[in-house]
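Chemist: Just so we're aligned: 174 in full-length UniProt numbering is position 174 of the sequence shown, and the numbers increase by one with no gaps anywhere.
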Amino acid sequence: MRDLSALPNLNIALIQTTLAWHDRQANLEHFEQLLEQARGADLIILPEMFTTGFSMESETLAEAENGPTSKWLRVQAAKLEAVITGSVIVQAADGSHRNRLLWARPDGEVLHYDKRHLFRMAGEHNHYTPGERQVQFELKGWRIRPLICYDLRFPVWSRDAQDTDLLLYTANWPGARRQHWNRLLPARAIENLCYVAAVNRIGTDGKGFAYTGDSQVLDFQGETLLSAGEADGVFQVVLDAAELAAYRTRFPANLDADTFEFT
């Protein structure tokens, strides 16, 4: 059995900022400046569709799987000696368009997760193909599972039996539904007995939708460790593995969890 208490603490950085509409180069230049402020973090999290804003123009904006943003992430991850992650619009090898989270490691490897639940109220399901599987990444021994925005509303997809230590949500979650965001995130932390880190954008997009941020990090009891509010910037927090291990020992509700299969 894995000894979670023996793992090193994890330093994570959340970048909450505005996004230039449909302007990849402007966004990459903006994030490159902000990334310098995150130096020293093990994991740096960017918003959903951080190169374009939340857009349905997938045919126009999609990059190849090894496109310019993937290459840029490799360079930045190596320079900062950290994992950098966020989602972009990608055209997969099979020709489908994906809202794809890229997980760029400092050794040059880029892994990915494709958004499962597509936001039909914006027509996302008409322009993108949903992901087929959960994924879990490892960093310094920590088990981290990424999800994207609308995935947050679906507890079965967020739930797993893989002993996840950190659930990670990257989002463009509009201010009109910020109460849902702020209530669902603690629920995911409590029911999964794990840390939760969630990054949202701020500002107004090209469609006129306003985003109010509320990027945050929660512990395994849903308590706030970091809250960015509506501020623009880089926010860091350290996650304590020993505290998580101790809580799971005191309150092992996971041992009574239901089993299920995805269909």
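Glycine residues also receive a C-beta, built at the ideal position from the N, C-alpha and C atoms.
Here the structure is a predicted model, which means the values were calculated and not measured.
1. ALA82 CB to nearest chain B CB: under 8 Å?
2. Return the chain-ordered ranges of every alpha helix (DSSP H) run that is complete within the segment 125-197 and spans a minimum of 4 residues.
3. Within a Cβ cutoff of 7 Å, which residues of the same chain sit near ARG116, ignoring the five residues on either side of it in sequence?
4. Do ARG145 and LEU168 count as a contact pair if the criterion is CB distance below 8 Å?
5. So SER87 packs on ILE44, CB below 8 Å; how close in whole Å?
6. Considering Cα atoms alone, identify which of ALA171, ASN192, PHE209, ARG2 is closest to ALA253.
7. Using 10 angstroms around the beta-carbon of VAL217, count the other beta-carbons present and answer buried if the total reaches 16, otherwise exposed.
8. So the candidates are LEU255, PHE260, VAL238, PHE262; which of them puts its Cα closest to the Cα of LEU7?
9. From the DSSP output, which residues share a beta bridge with ASN11?
10. Residues in its own chain within less than 6 Å of GLY123 by CB, not counting five upstream and five downstream?
11. Is it true that the CB of LEU14 sits closer than 8 Å to the CB of SER227?
12. Using 8 Å as the threshold, is the C-beta distance between HIS97 and HIS127 below it?
13. Indicate whether ASN182 and PRO47 have their beta-carbon atoms separated by less than 8 Å.
14. To the nearest whole angstrom, what separates the beta carbons of GLY53 and ASP232, a pair I think is in contact under 8 Å?
15. So which of SER5, GLY208, ARG159, ALA197 has the shortest CA-CA distance to residue 275?
16. Specify the secondary structure class of TRP72 as computed by DSSP and reduced to three states.
17. Which same chain residues end up closer than 6 Å to ARG24 when comparing Cβ atoms and leaving out the 5 residues on each side of it in sequence?
18. Sort TYR211, ALA241, PHE209, PHE235 by Cα distance to PHE220 and report the nearest one.
19. Can you give me the C-alpha to C-alpha distance between VAL49 and LEU28, rounded to a whole angstrom?
20. Cα-Cα, which of GLU59, PRO106, GLY40 is closest to SER70?
Modeler: For this structure:
1. Note that chain B does not occur in the displayed structure, where there is just one protein chain.
2. Taking only runs of at least 4 residues, the alpha helix (DSSP H) segments lying wholly in the segment 125-197 are 155-158, 178-192.
3. Contacts found: PRO130, GLY131, ASP151, TRP157.
4. Yes, these two residues count as a Cβ contact at 8 Å.
5. Beta-carbon to beta-carbon, SER87 and ILE44 are separated by about 14 Å, too far to satisfy the 8 Å threshold.
6. If we check each option's Cα against that of ALA253, ASN192 comes out closest.
7. So VAL217 ends up on the buried side.
8. Ranking LEU255, PHE260, VAL238, PHE262 by Cα distance to LEU7 puts VAL238 first.
9. Partner(s): VAL238.
10. Non-local C-beta neighbours of GLY123 in its own chain, meaning closer than 6 Å and more than five positions away in sequence, comprise MET56, ordered along the chain.
11. Not closer than 8 Å, so no.
12. A contact, by the Cβ cut-off of 8 Å.
13. At the C-beta level, ASN182 and PRO47 stay beyond 8 Å of one another.
14. Contact flag wrong, Cβ pair sits at about 15 Å.
15. The question about residue 275 has no answer here: the residues shown for the chain are numbered 1 through 263.
16. Here TRP72 sits in helix by DSSP.
17. Contacts found: THR51.
18. Of the candidates TYR211, ALA241, PHE209, PHE235, the residue whose Cα lies closest to the Cα of PHE220 is ALA241.
19. Just to set this straight, residue 49 is Met in the shown sequence, not Val. The straight-line gap separating the alpha-carbon atoms of MET49 and LEU28 is approximately 12 Å.
20. Scanning GLU59, PRO106, GLY40 for the CA closest to the CA of SER70 turns up PRO106.
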